[in-house]
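Visitor: I'd like to ask some things about the structure below.
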Amino acid sequence: MGFMFVLTVFLVGILGKSCDASADFEKRLLFDREDPEIRMNASELITSKGYPCENHDVYTPDGFLLGVQRIPHGVQRNRPVVLLQHGLLASSTCWLENLANESLAYILADAGYDVWLGNSRGNTYGRRHIRYQPSQREFWAWSWDEMAKYDLPATINYVLQVSRQSQLYYVGHSQGTEIGFAEFSRNPELGRKVKTFFCPGASDERGSHDQSTKTHLPSYQTFTNPHEPDRTQRVLAE
Ligand SMILES: *[C@@H]1O[C@H](CO)[C@@H](O)[C@H](O)[C@H]1NC(C)=O
Ligand SMILES: *[C@@H]1O[C@H](CO)[C@@H](O)[C@H](O)[C@H]1NC(C)=O
35 MGFMFVLTVF LVGILGKSCD ASADFEKRLL FDREDPEIRM NASELITSKG
85 YPCENHDVYT PDGFLLGVQR IPHGVQRNRP VVLLQHGLLA SSTCWLENLA
135 NESLAYILAD AGYDVWLGNS RGNTYGRRHI RYQPSQREFW AWSWDEMAKY
185 DLPATINYVL QVSRQSQLYY VGHSQGTEIG FAEFSRNPEL GRKVKTFFCP
235 GASDERGSHD QSTKTHLPSY QTFTNPHEPD RTQRVLAE
């Protein structure tokens, strides 16, 4: 009986070790294959490709602190300004996740643009407020309407002030397009600060905006396919 117990403990020890070793081996294999970018935030994604990155804070009139990233230049300088604004449940990383030659932020930086990456309240880079914590209900008391009314003008005005320009190109993906249509149509002064409004992945604005609203909008280009950086780049290059 005593012998059986010792043998069992010995076998469990050996098997346990070999299981650990094979788990380690699997972990190593998985880790080796893991794309290091999945652990990077927006600024790390940008600097890992050799592009300069600046982190800025935009204060909204109702107290939010929005983290905005800037790629001030490509690998050239006095560049036109472009602001890229992400879609629903996304962030500035959505413009940075493909290879450098296939991600709009890098393509535009290389094409000579001063590239700014906006972030709306509540996302990874928009979770700070001067009074509230994200754990408080008050922090979340807003909708996309406030993103249009507060986040968009605060970001555009900040970008134009820092870059010392009077106008920029605006590329909104989906929700970024929606807040653009909403705010540029009711705020013509803001609309005049936009040279061209690019709308990849826009919901059909022809049905939802009447002609009187459209007359306030800056010139704009809609795209049915949200993933058309080539076309945005072509139009921006003209
Ligand atoms: C990304 O992480 C680095 C290192 O922790 C930090 O310095 C940087 O501010 C972060 N960037 C953003 C946009 O949060
Ligand atoms: C981007 O670069 C990669 C690697 O150099 C290449 O395989 C790919 O075809 C390029 N993509 C485009 C759209 O040129």
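Note that the sequence shown ends on residue 272 in my numbering; no numbers are left out.
Ideal Cβ placement from N, Cα and C applies to all residues, glycine included.
Let me know the secondary structure DSSP gives Lys-83 once reduced to three states.
Guide: Walking along the sequence shown from the start, residue 83 turns up at place 49. The answer is coil: DSSP assigns Lys-83 none of H, G, I, E or B.
Visitor: Compute every distance between the C-beta of Asn-135 and the non-hydrogen atoms of ligand 2, then say whether any falls below 7 angstroms.
Guide: Here residue 135 is taken as the residue at index 101 of the sequence shown, counted from 1. Checking the Cβ of Asn-135 against ligand 2 gives yes.
Visitor: Note down, in chain order, each residue of its chain lying with its Cβ closer than 6 angstroms to the Cβ of Leu-130, except the 5 sequence neighbours on either side.
Guide: Within the sequence shown, residue 130 is the residue found at index 96, counting from 1. Hits under 6 angstroms: Leu-79, Ser-137, Ala-139.
Visitor: Please work out which residues of its chain come closer than 8 angstroms, Cβ to Cβ, to Tyr-192, disregarding the five sequence neighbours upstream and downstream, and give them in chain order.
Guide: Counting from one through the sequence shown, the residue named residue 192 turns up at place 158. Contacts found: His-90, Val-92, Val-102.
Visitor: Taking only heavy atoms of ligand 1 into account, decide whether any of them is closer than 7 angstroms to the Cβ of Glu-88.
Guide: Here residue 88 corresponds to residue number 54 of the sequence shown, with the count starting at 1. No, Cβ of Glu-88 sits at least 7 angstroms from all heavy atoms of ligand 1.
Visitor: Helix, strand or coil: how does DSSP classify Asp-185 here?
Guide: Locating residue 185 in the sequence shown gives position 151, where the first residue counts as 1. Three-state result, Asp-185: helix.
Visitor: Is Tyr-254 buried or exposed, if buried means 16 or more other CB atoms sit within 10 Å of its CB?
Guide: For the purposes of this step, residue 254 is taken as the residue at position 220 of the sequence shown. When all chains shown are included, Tyr-254 counts as buried.
Visitor: Consider the C-beta atom of Gly-101 and the heavy atoms of ligand 1; say whether any pair is separated by less than 7 angstroms.
Guide: For this step, residue 101 is matched to residue 67 along the sequence shown. For ligand 1, at least one heavy atom lies less than 7 angstroms from the Cβ of Gly-101.
Visitor: Closer than 8 angstroms by C-beta to Gly-97: which residues in its own chain qualify, once you throw out the five before and the five after it? Chain order, please.
Guide: Position 63 of the sequence shown holds residue 97. Contacts found: His-163, Ile-164, Arg-165, Tyr-166.
Visitor: In chain order, what residues of the same chain have a beta carbon less than 7 angstroms from the beta carbon of Phe-173, not counting five sequence neighbours either side?
Guide: Position 139 of the sequence shown, counted from the first residue, corresponds to residue 173. Same-chain partners within the cutoff: His-163, Tyr-166, Gln-167.
Visitor: Starting from the Cα of Glu-175, find the closest Cα among Tyr-204, Asp-69, Gly-156, Asn-132 and give me that residue.
Guide: Position 141 of the sequence shown, counting from 1, holds the residue named residue 175. In the sequence under discussion, the amino acid at residue 175 is Ala, which differs from the Glu named in the question. Residue Gly-156 is the option with its Cα nearest to Ala-175.
Visitor: Tell me the DSSP secondary structure of Ile-190 in three-state form.
Guide: Counting from 1 along the sequence shown, the entry for residue 190 is found at position 156. Helix at Ile-190.
Visitor: Evaluate Ser-200 with the Cβ neighbour count: other Cβ atoms within 10 Å of its Cβ, from every protein chain shown; 16 or more gives buried, anything less gives exposed.
Guide: Residue 200 sits at position 166 when you count from the first residue of the sequence shown. It counts as exposed.
Visitor: Given this structure, state the Cα-to-Cα distance separating Gln-170 from Thr-94, to the nearest angstrom.
Guide: By 1-based counting over the sequence shown, the position of residue 170 is 136. By 1-based counting over the sequence shown, the position of residue 94 is 60. Spanning the two alpha carbons is a distance of roughly 18 angstroms.
Visitor: Can you find a C-beta in chain C that's less than 8 angstroms from the C-beta of Ala-145?
Guide: Structure shown: chain C not included; a single protein chain is present.
Visitor: Compare the beta carbon distance of Pro-252 and Phe-232 with 8 angstroms and say whether it is the shorter of the two.
Guide: The count along the sequence shown starts at 1 and reaches residue 252 at position 218. The count along the sequence shown starts at 1 and reaches residue 232 at position 198. It is not a contact, given that the beta carbons lie outside the stated cut-off.
Visitor: When the Cα of Thr-158 is compared with those of Leu-117, Asp-148, Ser-77, which residue comes out closest?
Guide: Numbered from its first residue, the sequence shown carries residue 158 at position 124. For the residues Leu-117, Asp-148, Ser-77, the minimum Cα distance to Thr-158 belongs to Ser-77.
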